[in-house]
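339 is the number of the first residue of the sequence shown in the numbering used here; add one for each residue after it.
Heads up, the beta-carbon is just placed ideally off N, CA and C, and yes, glycines get one too.
Have a look at the structure below before the remarks.
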Amino acid sequence: MKRTRITTLVILGVVGAAGGAILELLLATNGPPIVSLPITLGIALAVIGGIVVTLAVPIRRMTRATSAPRVDPFYATRIVMLAKACALTGALIAGVGAGVLAYLLTRTVIEVGSVAQAITTIVGAGVLLAGGLLAEHMCRIPPGDDDNDPGKEPVKA
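See the structure below:
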């Protein structure tokens, strides 16, 4: 599996920002109330980012220490996939929060509560994004630990 690329994260952030701003604009022009991002969303995203990093710690210990107990490869694969999903989701939701915030800041009358909620969502999504990238980095295998190392002689049976 390849590492998450920065360009992918930036593209998701831009798409999310455009989507969030356009959604707010369409809702405002057609009459229904605009989307108000709850504060608990940002808090939940930040907590999930912390949990993902916590789940990656045993894998990091195993890859760095020689005497650490072996980690189930299926567990490691699941954590890497979860970390990548968290990074992508964090970028997308941060973009949506930025789009909502941009829409709110272009209005003549600004509700401070809505701005604070959008900022909390952006920060929480940023923590989720950073946690996902950190967990993905923690799950890397150091170079030279591969069984198919080209410098090694294959074992003949």
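Exercise for the section: Starting from residue 411, trace the alpha helix (DSSP H) both ways and give me its first and last residue. Expected result: 411 to 443
Practice task
Mind reading off the beta-carbon distance from residue 436 to residue 460? Whole number of angstroms is fine, and I expect it under 8 Å.
Solution key: 6 Å
Handout entry: Nearest to residue 344 (by Cα), restricted to the options 430, 442, 455
Key = 430
Practice task
Would you kindly work out how many angstroms separate the C-alpha atoms of residue 368 and residue 400, rounded to a whole number?
Solution key: 55 Å
Problem - Exposure label - residue 458; buried when at least 16 CB within 10 Å - result: buried
Handout entry: When 366, 434, 395 are compared against residue 463, the one with the closest alpha-carbon
Key = 434
Practice task
Inspect the beta-carbon positions of residue 365 and residue 372 and report whether they are closer than 9 Å.
Solution key: yes
Practice task
Measure the Cβ-Cβ separation of residue 291 and residue 418 and say whether it is below 9 Å.
Solution key: The chain is shown from 339 up to 495; residue 291 falls before or after that span and cannot be answered.
Exercise for the section: Give the DSSP-derived three-state secondary structure of residue 369 in the structure shown. Expected result: coil
Handout entry: Among 467, 374, 387, the one whose alpha carbon lies nearest that of residue 347
Key = 467
Practice task
Count the other C-beta atoms from every protein chain shown that fall within 10 angstroms of the C-beta of residue 362, then say buried if there are 16 or more, exposed otherwise.
Solution key: buried
Exercise for the section: Return the first residue and the last residue of the alpha helix (DSSP H) that residue 450 is part of. Expected result: 450 to 476
Problem - Of the residues 475, 387, 359, the one placed nearest residue 441, counting alpha carbons only - result: 359
Practice task
Look up residue 395 in the DSSP assignment and say whether it is helix, strand or coil.
Solution key: helix
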